[in-house]
Amino acid sequence: LGEKYPARKVDWVEMFDYLGNKIQELAETHWKWLETLLHKVYVDAMIHGIKHGQEIKDGQDSQQ
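If you number the sequence shown the way our numbering does, the last residue is 1227 and the count never jumps.
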């Protein structure tokens, strides 16, 4: 096994730099996706609340 697959010396600093860059890329991509999703949910909830509030207001006006 040792002859067929010789041991390689690992450059740990280079490996951690590479992994750190990949993690940062993934985090930035994930944040862009999450930010978009949260914005849609927030805006949809706000619009729903406004419509619901308008329905309640219209219902109270007709009862008076």
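Beta carbons: idealized from backbone N, C-alpha and C, even for Gly.
Going straight from the alpha carbon of residue i to that of residue j, what length do you get?
| i | j | result |
| --- | --- | --- |
| A1208 | T1199 | 14 Å |
| K1172 | E1166 | 15 Å |
| W1196 | K1214 | 27 Å |
| V1176 | Q1187 | 16 Å |
| G1222 | L1201 | 31 Å |
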